[in-house]
Amino acid sequence: MNIDGKLISTKRKDELKMKVDQLKNEGKRIPQLTVILVGDNQASQTYVRNKERACTYVGMLSQVIRLEESTSEGVLIDIIEKLNQDDTVDGILVQLPLPSHIHEDKILDLIDPAKDVDGFHPSNVAKLLLGQDGLVPCTPKGMMVLLDEINYDLTGKEVVVVGRSNIVGKPVSLLCLQRNATVTIAHSRTQDLPQVCKRADVLIAAIGKAKFFNRDYVKEGAVILDVGINRDENNKLCGDVDYEDVKDIVSYITPVPGGVGPMTIAMLMENTLDAYLKREG
Ligand code: GUN
315 MNIDGKLIST KRKDELKMKV DQLKNEGKRI PQLTVILVGD NQASQTYVRN KERACTYVGM
375 LSQVIRLEES TSEGVLIDII EKLNQDDTVD GILVQLPLPS HIHEDKILDL IDPAKDVDGF
435 HPSNVAKLLL GQDGLVPCTP KGMMVLLDEI NYDLTGKEVV VVGRSNIVGK PVSLLCLQRN
495 ATVTIAHSRT QDLPQVCKRA DVLIAAIGKA KFFNRDYVKE GAVILDVGIN RDENNKLCGD
555 VDYEDVKDIV SYITPVPGGV GPMTIAMLME NTLDAYLKRE G
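Start counting the sequence shown at 315; every next residue gets the next number (the working numbering).
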């Protein structure tokens with residue numbers, strides 16, 4: 315059965331909209347997300363546009379700072395330092411990837427952790443590892459909501475995460491561990507990957523290869539969360555999972571598009587409101 319991320323994300327955004335409306339009715343300041351986009355990466359442009367739309371939908375303010383590909387690291391640093399000081403800005407998101415002459419780590423380190431709605435700052439990453447309250451990366455957080463929606467209890471379950479990125483693989487593994495799953499982090503160099511994946515009660519596919527996982531990788535009745543956003547041979551959007559091949563043997567699967575993707579943006583909106591509420595204290 316499909317897990318309808320589009321529907322679930324809309325429900326969450328509608329709930330957020332009600333909370334933001336409430337703030338407005340009380341005459342409070344409106345939460346604001348600022349997104350910085352450097353260069354003209356096509357996929358990034360689309361993601362940023364979707365983030366702006368989501369802010370409008372839930373009634374939050376959004377500001378997009380678009381910078382030339384040639385922007386120096388120093389200029390970007392100055393902008394972030396100003397945003398850190400700006401009390402009207404609750405969330406700061408630097409769209410990745412950055413041009414190669416800018417050091418990503420240095421930039422992410424600079425964002426005030428209290429405004430780090432991506433959850434990428436080392437201080438938020440450490441909090442996630444330690445099980446402390448902090449801002450959690452949006453895609454992994456969205457995946458936990460999807461599991462909640464199907465009332466899936468991870469306790470004691472075998473979760474196999476394929477992919478070890480800082481954005482998805484590592485944080486989602488920690489969230490599953492927090493929920494008492496037995497977690498395996500596999501990746502492109504894992505030996506006998508099909509055999510490892512076949513153990514999974516929950517398979518998290520985040521390897522970035524179109525239709526990579528077919529039924530050789532999937533246990534009957536498994537739940538599959540597909541994080542991939544790829545183009546197939548016909549230039550159609552597809553996930554990391556060969557949906558047609560596995561759909562009849564799984565219990566649940568997230569489609570691409572319409573699965574994990576929309577949840578990421580809904581969680582970004584939730585993180586922005588959380589950051590706002592904590593800052594307003
Ligand atoms: N690029 C691809 N995914 C993401 C994300 O979640 N956050 C940011 N900032 N950039 C990305």
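Where is the CB? At the ideal position from N, CA and C, for every residue including glycine.
C-alpha gap between residue i and residue j, whole angstroms
i, j, result
"residue 371", "residue 569", "23 angstroms"
"residue 335", "residue 373", "7 angstroms"
"residue 388", "residue 489", "35 angstroms"
"residue 520", "residue 456", "14 angstroms"
"residue 522", "residue 552", "10 angstroms"
"residue 594", "residue 407", "19 angstroms"
"residue 581", "residue 338", "21 angstroms"
"residue 454", "residue 531", "22 angstroms"
"residue 598", "residue 331", "Limits of the chain in this structure are 315 at one end and 595 at the other, which puts residue 598 out of reach."
"residue 590", "residue 404", "5 angstroms"
"residue 468", "residue 447", "20 angstroms"
"residue 526", "residue 560", "11 angstroms"
"residue 564", "residue 384", "47 angstroms"
"residue 541", "residue 575", "7 angstroms"
"residue 377", "residue 480", "26 angstroms"
"residue 514", "residue 498", "9 angstroms"
"residue 496", "residue 487", "9 angstroms"
"residue 578", "residue 450", "11 angstroms"
"residue 433", "residue 391", "18 angstroms"
"residue 528", "residue 538", "11 angstroms"
"residue 359", "residue 420", "23 angstroms"
"residue 425", "residue 379", "15 angstroms"
"residue 444", "residue 524", "34 angstroms"
"residue 398", "residue 459", "29 angstroms"
"residue 485", "residue 442", "8 angstroms"
"residue 494", "residue 381", "43 angstroms"
"residue 355", "residue 362", "11 angstroms"
Cβ-based burial, residue i [other Cβ within 10 Å; buried from 16]
i, result
"residue 429", "buried"
"residue 509", "exposed"
"residue 438", "buried"
"residue 435", "buried"
"residue 386", "exposed"
"residue 402", "exposed"
"residue 357", "exposed"
"residue 341", "exposed"
"residue 315", "exposed"
"residue 327", "buried"
"residue 502", "exposed"
"residue 554", "buried"
Residue i: CB within 7 angstroms of a non-hydrogen atom of the ligand GUN
i, result
"residue 432", "yes"
"residue 369", "no"
"residue 381", "no"
"residue 402", "no"
"residue 578", "yes"
"residue 409", "yes"
"residue 416", "no"
"residue 453", "yes"
"residue 481", "yes"
- Message: Taking 8 angstroms as the cut-off, does the stretch 533-547 touch the stretch 410-423 (at least 3 CB pairs, one atom from each stretch)?
- Response: no
- Message: Below 8 angstroms, how does it come out for the stretch 467-478 and the stretch 500-518: are there three or more Cβ pairs, yes or no?
- Response: yes
- Message: For the pair the stretch 568-587 and the stretch 345-360, tell me if three or more CB-CB distances fall below 8 angstroms.
- Response: yes
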